[in-house]
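**Student:** Below is a structure I'd like to ask you about.
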Amino acid sequence: MADIRKHLLIVDDEAALRSAIAERLSDHGYAVEQAGSGEEALERLADFAFDILISDLRLPGINGRDVLDSALERYPDIIAIVITGYGTVKDAVDAIKHGAADFITKPFQFDALLHVVRSAVEQRRLKSENAYLRSQLEDRYRIDGLVGRSRVMRDLFGLLETVAATSSTVMITGETGTGKELAARAIHHNSPRRANRFVALNCSAIPETLLEAELFGHVRGAFTGAIGARQGRVEQAHKGTLFLDEVGTMSPSLQAKLLRVLQEREFERVGDSHTVKIDVRVIAATHSDLGRMVAEGSFREDLFYRLNVLPVQLPPLRARREDIPLLVGHFLQRLASEGGRSGVTVSQEAIRLLMGYRWPGNVRQLENTVERALAFSQGRSILDVGDLPAEIQNQAGPAEGADTALPEDGIDFERYIEGIELSLIKRSLERTHGNKRQAARLLNLKRTTLIEKLKRLEPHQAAD
Ligand SMILES: Nc1ncnc2c1ncn2[C@@H]1O[C@H](COP(=O)(O)OP(=O)(O)OP(=O)(O)O)[C@@H](O)[C@H]1O
Ligand SMILES: [Mg+2]
Numbered sequence: 353m354a355d356i357r358k359h360l361l362i363v364d365d366e367a368a369l370r371s372a373i374a375e376r377l378s379d380h381g382y383a384v385e386q387a388g389s390g391e392e393a394l395e396r397l398a399d400f401a402f403d404i405l406i407s408d409l410r411l412p413g414i415n416g417r418d419v420l421d422s423a424l425e426r427y428p429d430i431i432a433i434v435i436t437g438y439g440t441v442k443d444a445v446d447a448i449k450h451g452a453a454d455f456i457t458k459p460f461q462f463d464a465l466l467h468v469v470r471s472a473v474e475q476r477r478l479k480s481e482n483a484y485l486r487s488q489l490e491d492r493y494r495i496d497g498l499v500g501r502s503r504v505m506r507d508l509f510g511l512l513e514t515v516a517a518t519s520s521t522v523m524i525t526g527e528t529g530t531g532k533e534l535a536a537r538a539i540h541h542n543s544p545r546r547a548n549r550f551v552a553l554n555c556s557a558i559p560e561t562l563l564e565a566e567l568f569g570h571v572r573g574a575f576t577g578a579i580g581a582r583q584g585r586v587e588q589a590h591k592g593t594l595f596l597d598e599v600g601t602m603s604p605s606l607q608a609k610l611l612r613v614l615q616e617r618e619f620e621r622v623g624d625s626h627t628v629k630i631d632v633r634v635i636a637a638t639h640s641d642l643g644r645m646v647a648e649g650s651f652r653e654d655l656f657y658r659l660n661v662l663p664v665q666l667p668p669l670r671a672r673r674e675d676i677p678l679l680v681g682h683f684l685q686r687l688a689s690e691g692g693r694s695g696v697t698v699s700q701e702a703i704r705l706l707m708g709y710r711w712p713g714n715v716r717q718l719e720n721t722v723e724r725a726l727a728f729s730q731g732r733s734i735l736d737v738g739d740l741p742a743e744i745q746n747q748a749g750p751a752e753g754a755d756t757a758l759p760e761d762g763i764d765f766e767r768y769i770e771g772i773e774l775s776l777i778k779r780s781l782e783r784t785h786g787n788k789r790q791a792a793r794l795l796n797l798k799r800t801t802l803i804e805k806l807k808r809l810e811p812h813q814a815a816d
């Protein structure tokens, strides 16, 4: 069994006091070692990672402060408690500033020392527990509303942070509903430009004839209907970030003007010959294949390379199914905070169906599905299979299209099916490195069912 006692080193040159304390601390369950000098303390610390260090500040030779400093340097998490003489509180305060957890002044009662030790340990436990929870919930699994715990998403969060620190143009690609706009906002909010505006423009939502004026602005009378002068989106994003969604739909002449913004950092308003200088960071997004459009000649190659400086790719939801339960919880929580019901959960079977579905509309579709299910559930606190849309409920039909050609002289039906079962089980075990629980989840089986099948199909492998 692992040794769960706290290992403690006590350093004091007064041998009688030191061994008395050591003995009593041992009685209270600590694994105690002693050092009679600073030199000896450093030796002990060099080859053992103590949890707690209690050291007198005043020692002959290497003093307590040096012991403290080198212990903290080597073990930043060590809980260090210093003992000071009467009238030297200033030294104690100084030690705390340098990382000691607490101090106690001589002479002291043993119980007072025990109290100091215990509360320092408790403090540390709370601190690391909080830090752990924070890193679990905030840092690792989300960045500005983007939620995900899968490997790909965690890698993506890291990439977004790196990208945010730069001023380079970013190109975000991904299927519809994968969170491209959310990622663009996350980059802006983590960038040095966060104090300025994030301006979004969906190039496919505006008629070609109006897009130029929308982007670059216009002067009064520039075209029919241009009653006053107006600032364009590019100018609004000065010193901030301009998000151009669906850049693939831009006309060749606008592509040329956008290229100039990226290369020369300048443009003209519609109907104006005055050149405007601009400082914007451009993030472009598209769900079309720009590389192919370049090959076909419908998108400028030079613009493509200018936009594609830092490519960021958002994975489809079906490629990271393990994020689905987390996302469902996230959406339920958000709906509750928007005035929906709180404390609603989802049955395991419904979660399984959600995890098995192919999600052509990705996270947006999942979000809508959760919202719809909540509306359908009429006040029940558990959303169930019946609250899901038909296409999700009925997905798990027989695997049609598998290789089911029937040979001339027929087959042994039972053995054929068993062969398929065994091959799927083996494949899922391979993918999960032999973890039966995870393998069963991949196959939508109970773990016990998987083990039973394995036992029947390949008896010598089923040992658990
Ligand atoms: N990882 C995620 N975590 C939480 N919510 C997400 C995530 N990804 C997407 N969403 C949500 O899904 C919806 C669609 O996201 P977004 O608009 O960013 O997608 P998109 O890739 O820009 O889609 P489209 O190509 O259709 O414009 C939004 O409501 C967004 O909040
Ligand atoms: Mg979008």
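Everything in the sequence shown is counted per our numbering, starting at 353 for the first residue and increasing by one.
Even glycine gets a Cβ: it sits at the ideal position worked out from N, Cα and C.
Give the DSSP bridge partners of R582, in chain order.
**Tutor:** BP columns for R582 point to H570.
**Student:** Tell me the rounded alpha-carbon separation between M523 and G643.
**Tutor:** Whole-angstrom Cα-Cα distance: 12 Å.
**Student:** Excluding the 5 residues preceding and the 5 following M505 in the sequence, name in chain order all residues of the same chain whose CB lies nearer than 7 Å to its CB.
**Tutor:** Once the five neighbours on either side are set aside, the close Cβ partners of M505 are R672 and D675.
**Student:** For ligand 1, any of its heavy atoms closer than 7 Å to the Cβ of G497?
**Tutor:** It does: the Cβ of G497 is within 7 Å (strictly closer) of some heavy atom of ligand 1.
**Student:** Measuring only from the beta carbon, is D597 closer than 7 Å to any heavy atom that is part of ligand 4?
**Tutor:** Annotation note on ligand 4: not contained in the displayed structure, which lists ligand 1 and ligand 2 as its ligands.
**Student:** Return the CA-CA distance between R799 and K788, expressed in angstroms with no decimal places.
**Tutor:** Approximately 7 Å between the Cα atoms of the pair.
**Student:** Per DSSP, what kind of secondary structure is D641 in: helix, strand or coil?
**Tutor:** D641 falls in the coil class under three-state DSSP.
**Student:** Helix, strand or coil: which one does DSSP assign to D736?
**Tutor:** D736 falls in the coil class under three-state DSSP.
**Student:** Could you tell me the distance, in whole angstroms, from the CA atom of E564 to the CA atom of V622?
**Tutor:** So the two alpha carbons sit approximately 7 Å from each other.
**Student:** Taking contact to mean 3 or more Cβ pairs, one atom from each stretch, closer than 8 Å, check whether the region 521–536 and the region 562–579 are in contact.
**Tutor:** With the cut-off at 8 Å, the region 521–536 and the region 562–579 do not touch.
**Student:** So with Cβ pairs under 8 Å, would you call V737 a contact of chain B?
**Tutor:** Any reference to chain B falls outside this structure, which holds one protein chain only.
**Student:** Inspect the beta-carbon positions of L420 and S407 and report whether they are closer than 8 Å.
**Tutor:** Cβ distance < 8 Å, so L420 and S407 count as in contact.
**Student:** Take the Cβ of D631 as the centre, count every other Cβ of all protein chains shown within 10 Å, and call the residue buried at 16 or more, exposed below.
**Tutor:** D631 comes out exposed.
**Student:** Quick one: residues in its chain with C-beta nearer than 6 Å to the C-beta of L466, no 5 flanking neighbours on either side, listed in chain order?
**Tutor:** Result list for L466: empty, nothing under 6 Å.
**Student:** May I ask you to list the residues that DSSP assigns as paired with L405?
**Tutor:** L405 pairs with L361 and A432.
**Student:** Going by DSSP, what residue range makes up the beta strand (DSSP E) through A453?
**Tutor:** A453 -> no beta strand (DSSP E), and no H or E assigned at all.
**Student:** Since L774 and E810 should fall inside the 8 Å C-beta cutoff, what is the C-beta to C-beta distance between them, to a whole number of angstroms?
**Tutor:** Confirmed, Cβ separation roughly 6 Å.
**Student:** Just confirm the distance between the C-beta atoms of F595 and A517, as a whole number of angstroms; I'd bet it's less than 8 Å.
**Tutor:** About 18 Å separates the two Cβ atoms, so there is no contact after all.
**Student:** Suppose the cutoff is 7 Å on Cβ atoms and the five residues either side in sequence are ignored; what does the same chain contact list for L377 look like?
**Tutor:** For L377, where only same-chain residues beyond five positions count, the Cβ hits under 7 Å are L360 and V384.
**Student:** Where does S780 land, buried or exposed, given buried means 16+ other C-beta within 10 angstroms?
**Tutor:** Looking at its Cβ environment, which holds 16 or more other Cβ atoms inside 10 Å, S780 is buried.
**Student:** Grab me the residues of H682's own chain with a C-beta within less than 7 Å of its C-beta, minus the 5 sequence neighbours each way, in chain order.
**Tutor:** So the list reads V499, once near-sequence residues are dropped.
**Student:** Is A538 near I495, with beta carbons less than 8 Å apart?
**Tutor:** Yes.
**Student:** Find the nearest neighbour of K532 within the set P663, E395 and A372, judged by alpha-carbon distance.
**Tutor:** Nearest C-alpha to K532: P663.
**Student:** Would you call the CB atoms of D403 and I431 closer than 8 Å?
**Tutor:** In contact: D403 and I431 (Cβ atoms closer than 8 Å).
**Student:** Looking at the unbroken alpha helix (DSSP H) that takes in V599, where does it start and where does it end?
**Tutor:** Premise fails: V599 is in no alpha helix (DSSP H) and is neither H nor E.
**Student:** For R693 and Q700, what's the separation of their Cα atoms in angstroms?
**Tutor:** Between R693 and Q700, the C-alpha separation is close to 19 Å.
**Student:** Would you mind reading off the limits of the beta strand (DSSP E) that contains K629?
**Tutor:** Residues T627 to K629.
**Student:** Among the residues of its own chain, which have a CB less than 7 Å from the CB of R549, if the five just before and after it don't count?
**Tutor:** So the list reads Q588, A589 and G592, once near-sequence residues are dropped.
**Student:** Does DSSP classify Q386 as helix, strand or coil?
**Tutor:** DSSP places Q386 in strand when its eight states are reduced to three.
**Student:** Using the three-state DSSP reduction, which class does E674 fall into: helix, strand or coil?
**Tutor:** E674: helix per DSSP, three-state reduction.
**Student:** Between K449 and I435, what straight-line distance do the alpha-carbon atoms span, to the nearest angstrom?
**Tutor:** One C-alpha to the other measures close to 15 Å.
**Student:** Give the range of the alpha helix (DSSP H) segment to which V632 is assigned.
**Tutor:** V632 -> no alpha helix (DSSP H), and no H or E assigned at all.
**Student:** Going by DSSP in three states, V664 sits in which element: helix, strand or coil?
**Tutor:** Residue state, collapsed to three classes: strand.
**Student:** Where does L485 fall in DSSP's three states?
**Tutor:** Per-residue confidence for L485 stands at a pLDDT of 49, beneath the threshold of 50, marking its modelled position as unreliable; no derived number is given.
**Student:** Using the C-alpha atoms, what's the distance from N415 back to Y427?
**Tutor:** Cα to Cα, Y427 sits roughly 18 Å from N415.
**Student:** Taking its Cβ as the centre, do 16 or more other Cβ atoms sit within 10 Å of P544, making it buried, or is it exposed?
**Tutor:** It counts as exposed.
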